[in-house]
Amino acid sequence: MTKKLEFDWHIKVPNVLVNGCEFDMWTEEEGLESNCLFKVDEYGFFINWKKEGCDGDVLELCQVSDIRKGGISKDSKLYSQMQTNYGDSTFEDRVLTICSGRDYVNINYHHVVCPDSKTAEEWQNGLRKITHNNKMNNVCVSTNLMKHWMQLCMKTDPQGKVPVNRVVKTFASGKKDTKDIIKYLDDLELRNKTEKGKNDFIDSKDFTFEKFYTLYHKICPRTDDIGDLFSAIASEDEDYITVTEFIKFLNEKQRDPRLNEVLYPMYNEVRAMQIISTYEQDEKTKKSKKLSKDGFTRYLMSDENAPVFLDRLDVYMNMDQPLPHYYINSSHNTYLTGRQFYGKSSVEMYRQVLLAGCRCIELDCWDGDEEPIITHGKAMCTAIPFREVIHAIKDTAFETSEYPVILSLENHCRKAQQYILAKCCDDIFGDLLLKEPLKDYPIQPGAPLPSPNALKKKILIKNKRLDPEKEREEMEKFKTGKLNDDDGEKEDSAAPSPTVISLDKKRKILVASKRLDKGSGQEDIDLFLKGELVLVEGEKDNISVPSNSSIDKKVSDVLEGVPLPTHYTGSTTNVHPWLSSMVNYTQPVKFQGFDVAERNKLHYNMSSFNESNGLSYLKSQAIDFVQYNKRQMSRIYPRGTRLESTNFLPQVFWNAGCQMVALNFQTPDLAMQLNQGKFEYNGNCGYLLKPDFMRREDKVFDPFADTTVDGVIAAQCSVQVISGQFLSDKKVGTYVEVDMYGLPTDTIRKEFKTRLVPSNGLNPCYNESPFFFRKVVLPDLAVLRFGVFDETGKLLGQRILPLDGLQTGYRHIALRTEANFPMSLPMLFCNIQLKIYVPTGYEDIMYALSDPLKYQSDLDKRSKMIQQMGVDDDDDDKANRSGGSEEGSASGGTVKKGSKSGGKDEAATPSSSTREIGKLVSRNSSALVAGISLMDKSDVHEEPIKLATLEKEKSFIKLLKKNKKEVDSLQRKHSKELQAVQKAQCLAIEKLTKGKSFGTKEELSSDPQIHELVVEQIKQWSDIKEKHRSSSWELKKQHLVQQHDVLKSLLETALAAKIKQQEAHHEREIKQLNQKQAKILVETTREVNNDKTLKSKTEKDRCVREKKQTNIKKFMEEIKQLETILNKRKDDLKSKLLREKQSIMKEVEERADAHRREQIECQLTPKKEFFA
1 MTKKLEFDWH IKVPNVLVNG CEFDMWTEEE GLESNCLFKV DEYGFFINWK KEGCDGDVLE
61 LCQVSDIRKG GISKDSKLYS QMQTNYGDST FEDRVLTICS GRDYVNINYH HVVCPDSKTA
121 EEWQNGLRKI THNNKMNNVC VSTNLMKHWM QLCMKTDPQG KVPVNRVVKT FASGKKDTKD
181 IIKYLDDLEL RNKTEKGKND FIDSKDFTFE KFYTLYHKIC PRTDDIGDLF SAIASEDEDY
241 ITVTEFIKFL NEKQRDPRLN EVLYPMYNEV RAMQIISTYE QDEKTKKSKK LSKDGFTRYL
301 MSDENAPVFL DRLDVYMNMD QPLPHYYINS SHNTYLTGRQ FYGKSSVEMY RQVLLAGCRC
361 IELDCWDGDE EPIITHGKAM CTAIPFREVI HAIKDTAFET SEYPVILSLE NHCRKAQQYI
421 LAKCCDDIFG DLLLKEPLKD YPIQPGAPLP SPNALKKKIL IKNKRLDPEK EREEMEKFKT
481 GKLNDDDGEK EDSAAPSPTV ISLDKKRKIL VASKRLDKGS GQEDIDLFLK GELVLVEGEK
541 DNISVPSNSS IDKKVSDVLE GVPLPTHYTG STTNVHPWLS SMVNYTQPVK FQGFDVAERN
601 KLHYNMSSFN ESNGLSYLKS QAIDFVQYNK RQMSRIYPRG TRLESTNFLP QVFWNAGCQM
661 VALNFQTPDL AMQLNQGKFE YNGNCGYLLK PDFMRREDKV FDPFADTTVD GVIAAQCSVQ
721 VISGQFLSDK KVGTYVEVDM YGLPTDTIRK EFKTRLVPSN GLNPCYNESP FFFRKVVLPD
781 LAVLRFGVFD ETGKLLGQRI LPLDGLQTGY RHIALRTEAN FPMSLPMLFC NIQLKIYVPT
841 GYEDIMYALS DPLKYQSDLD KRSKMIQQMG VDDDDDDKAN RSGGSEEGSA SGGTVKKGSK
901 SGGKDEAATP SSSTREIGKL VSRNSSALVA GISLMDKSDV HEEPIKLATL EKEKSFIKLL
961 KKNKKEVDSL QRKHSKELQA VQKAQCLAIE KLTKGKSFGT KEELSSDPQI HELVVEQIKQ
1021 WSDIKEKHRS SSWELKKQHL VQQHDVLKSL LETALAAKIK QQEAHHEREI KQLNQKQAKI
1081 LVETTREVNN DKTLKSKTEK DRCVREKKQT NIKKFMEEIK QLETILNKRK DDLKSKLLRE
1141 KQSIMKEVEE RADAHRREQI ECQLTPKKEF FA
């Protein structure tokens, strides 16, 4: 961020703690010490105490988990002494117990006896106020150095001096280092020598922080990391960085390029000078607007360069969403301190887990002698009283977070003891217990659950609940004293009672419905491995099971190291009505399927899955699982075979939106590191809001997706591990592993590892090439894990950083212990770079779009360099213009010289950088455009279908010949008929005129008989001619119909042939495109395999997979565009053919119409025909 960082990690320490007070202190190991002066420093780093004449001692407050009243010594002598000193009635009210440790199991107890109960209360409240300061655990390197210096100053000898050997012990890892440190102390004039040399000391008033800071840099010089970086930035003068160079460094290296420049403006001179003024110690250098190496180092070690955005340490998320929209920090078998079998149960674990930010804890309740107990049933674990656990929960539930706590009860008690459960909760919790649903959030189908804000400082009980009607009936019976305490059957009541036979003095085997005999060794082992045998505690005897011929060892030896299956007894379903009435928003039900849950819409119902069942649902119905977790809560817990209390990786279930991923807090393994590293943010309140697409009903999310999620911008991340500081106090070799956990496609483990730097745990310099996480699909769920190991593989330190809050640039990363507790000095110096993910092949486009001015500047520089070589790039522009003219003319986009379009002013034309970006985009899609352009031109010169073309077809010519023959035949027939009539008429005339003489024609025509005969013959002739005309017209009509049918058939055939021809052409084009794409895939694989920058096979495979995905996506787009073009061409062809068909058929119809008109005209014309 360019604005000045304001990170206030300091909580004001009450004056009563700073001024101090004399207390008596005792521990079980060291006994009682009187008159110790206890103080807390002004920053709240330490509780320090010193007894006159003794060495001073300190306790880091970041390791203090709890401060509570009371505490009685287990040592009878010490307890008697304390009773004698302080009286036997009131001294316990004055005792404070300070609990501290570097994990949740091995807790150290320091007990102090205050002068009075009021002082005890003031110190308890004051210490609780400043402990669990999550921000203090994330202070910068400089603050950690100051903290360590203060610790050395507090651990003084009886004379108040700082022993040299303590300083040496802090930094030295061998004799040579010891000599060097003593030399540095002498150079700084700090060491006061004594005669023997063993008691050398440093005067406290001389041991200032500036001298300690100088000593630190002498012991751990930063020349190979910060020094090299400083030299790379300082181009003009190696001793100083100018303000211009510093601004360039800040903007290019320390600023996230993904940030909006309006909301997060670039660094400028004003801000750069603020930084120089803050961290540069030399006034002359400040005035010259320069930064020295010392000032630059102080800047890099400040809060300005925290690895994550420090505002994420506050509660920054929206806490008004329904409960299922949050991840909830959850614990499994909270009471156990170790193994699941023969384990120890402890009330202290509930305190530690709640103070660590956990919001869902588990209580396995069983019948005790008088009151319920908590233990791991039938697993030979010790038991603790339920009542004490409830008191511990009340005392610590809301110390570190005010958001709701969920008690997950596994209830195996009879009704009588369930009543005690309910009464304890009601009496001890009081108003903290949510006994009735909130008015605004009724328990009814479809109603959402309340938010964490609505449930602040409330405790919810998760236990089976009776049906409402049954609950009312039994509550009435309970109130009237008629409730039957007989529990009836439990879920596992059908299980047969086992037969017991011992294997050795300590263990027994429980065999369901089977008695062991001498010949059953192998069979019993098989039963054990199937989960039908369970080890239990019993009588101490020496009976063992003899082995048969196939086994050489005792059964007890064979079973050594084999995971022991848990004999599970289900919770009781016969719930006391009072306890049932206390259950509201967390009602556990047996899971019946996602479809049933979707149909019922009972948001207050939740289900628990062991990790195996959860994985099964996740593999088969991942999307349904995500949808389920949007409405209802689910709890995932470890499978029963994890007897050593190991944990599964929670990330798998976080990816599916599971809210309560319950882990064994007593085991500081990788899973717990991920859990605590994730929940450290948002104020360590125990609730983290899920990403938007995992909450909205209108979004569908597949946790196994390897493509970009809708609405989420994928990221690229590179991590360069440069160096480490104070990684080990031994002279050992060290190396660093960098892993990423997130979606399966984002998770990369055991792949990125630095080289081993031998014999250097103090300040190893790795200077590795960056580890590149090319594509992070979902940054919101991804975390980076830094693990530092020695040469034997032992973990020296680790750190979990969420990717969505990660800052880019050169950062110091303070390491944590295996249990995620902070360490002061061990750290890594890394260069982290974050960018928006850009698919392969689109880097230039992204570069041009992100910084068009710089892109244009680079282009101009290249153009000038080309011109200096004597090459004129105008030729290229001409070639581009000539090459584009064809496309322009085809699209109608060509602008002629002198046209209006070409005569616009410059203001209307795009800028040169915009034109270049357009060219760049065009080049990236040129292949597809060119291919499509060619395809568009493939049908330009196709011959249209015409009537004249169809009439040249053989079938039509054959028909015409046939028609002509029929016409000729009809004409011959008509001619014969006319000749016969003509002959008959002539004979009739001749017969009538025979014997008569006519002088003239008039005389002939005036003869009545002849006139009558002629009239009759005219009529006869006209009738015959009409008959002939009708038959000719009918024949011609038939011919036209036949020709119409043939032409129509020929037209359909021609149309089908055209479409078939086009489809064949389209298939060839798709085949060619597929061949081209296959060739590109092969070339891509070859290119990646030949890339020397990719070192490991896994990295190459990932790069190949990524490029293939990009190519396939591009290919799909190309095929989609091609299919669109082909479909358009097909539609165009159909339209074209339809028009041609209509044109031809219209012409044929016009011919038929002409024939009909001719026939009608002929019929309407009056005529007389005769033969003269």
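Anchor point for the sequence shown: position 208 equals 208 in full-length UniProt numbering, and the numbering is continuous, going up by one each time.
By construction, the Cβ of each residue, glycine as well, lies at the ideal position given by its N, Cα and C atoms.
Starting from residue 366, trace the beta strand (DSSP E) both ways and give me its first and last residue.
360-366
Considering only residues of the same chain and omitting the five flanking positions on each side of residue 579, which have a CB-CB separation below 7 Å?
418, 421, 422 and 463
Here's a check: name, in chain order, each residue in its chain whose Cβ is nearer than 7 Å to the Cβ of residue 621, leaving out the five neighbours to either side.
594
Cβ-Cβ distance between residue 33 and residue 51 below 8 Å
yes
Take residue 679 and list the residues in its own chain whose beta-carbon comes closer than 8 Å to its own, dropping the five residues that flank it on each side.
327, 329, 357, 686 and 688
Tell me which residues share the same chain as residue 903 and place their Cβ nearer than 8 Å to its Cβ, disregarding the 5 neighbours each side in the sequence.
With a pLDDT of only 44 at residue 903, under the threshold of 50, the placement of this residue in the model should not be trusted; the figure read from the coordinates follows. So the list is empty, once near-sequence residues are dropped.
Buried versus exposed call for residue 567 [16 or more other C-beta atoms within 10 Å across all chains shown]:
Residue confidence is low: residue 567 scores 38 on pLDDT, short of 50, so the model does not pin down where it sits. No coordinate-derived value is stated.
Let me know if residue 1071 comes out buried or exposed under the rule of 16 or more other beta-carbons within 10 Å of its beta-carbon.
exposed
Given residue 171, which residues of its chain have a CB within under 6 Å of its CB, disregarding the five upstream and five downstream residues?
181 and 219
Burial state of residue 664, where buried means 16 or more other Cβ atoms lie within 10 Å:
buried
If distances are taken between C-alpha atoms only, which option among 1103, 367 and 1044 comes closest to residue 1151?
1044
Residues bridged to residue 765 (per DSSP):
723
Go ahead and pull the three-state DSSP assignment for residue 621.
coil
Buried or exposed for residue 1173, going by 16 or more other Cβ atoms inside 10 Å?
Residue 1173 is absent from the model: the chain starts at 1 and stops at 1172.
Report yes or no: do three or more beta-carbon pairs, one from the stretch 363-377 and one from the stretch 398-417, lie closer than 8 Å?
yes
By the 10 Å Cβ neighbour count, where 16 or more other Cβ atoms means buried, how is residue 1102 classified, buried or exposed?
buried
Which first and last residues belong to the beta strand (DSSP E) in which residue 662 is found?
660-663
Output yes or no for whether 8 Å exceeds the beta carbon distance between residue 240 and residue 190.
no
C-beta contact flag for residue 380 and residue 441 at 8 Å
no
State the DSSP-derived secondary structure class of residue 454, mapped to helix, strand or coil.
coil
Alpha carbon to alpha carbon, how far is residue 1149 from residue 1031?
21 Å
With 16 as the cutoff for other CB atoms within 10 Å, does residue 335 come out buried or exposed?
buried
Return the bridge partner residues of residue 69 from the DSSP annotation.
96
Nearest by alpha-carbon distance to residue 102: which of 794, 1111, 713 and 668 is it?
668
Option in 638, 996, 836 and 348 with minimal Cα separation from residue 715
836
For residue 717, is the classification buried or exposed, using 16 other Cβ atoms within 10 angstroms of its Cβ as the cut-off for buried?
buried
With DSSP as the reference, please indicate the residues paired to residue 797 in a beta bridge.
788
Would you please state the rounded distance, in angstroms, between the beta carbons of residue 651 and residue 674? I believe it to be under 8 Å.
6 Å
For the putative contact between residue 1182 and residue 58, defined by C-beta atoms under 8 Å, what is the C-beta separation to the nearest angstrom?
Within the shown structure, residues of the chain are numbered from 1 to 1172, placing residue 1182 beyond reach of any answer.
Classification of residue 958 by the beta-carbon crowding that lies within 10 angstroms, buried from 16 upward:
exposed
Reference residue 100; option with closest CA among 1090, 1003 and 821
821
Please give the ranges of any beta strand (DSSP E) in the stretch 377-424, keeping only runs that are unbroken, at least 3 residues long and fully inside the region.
405-411
Determine the burial state of residue 1011: buried for a count of at least 16 other Cβ atoms within 10 Å of its Cβ, exposed for fewer.
exposed
Endpoints, alpha helix (DSSP H) assigned at residue 984:
954-993
Taking the beta carbon of residue 36 as the centre, do at least 16 other beta carbons fall within 10 Å, making it buried, or is it exposed?
buried
Assign residue 324 to one of three DSSP states: helix, strand, or coil.
helix
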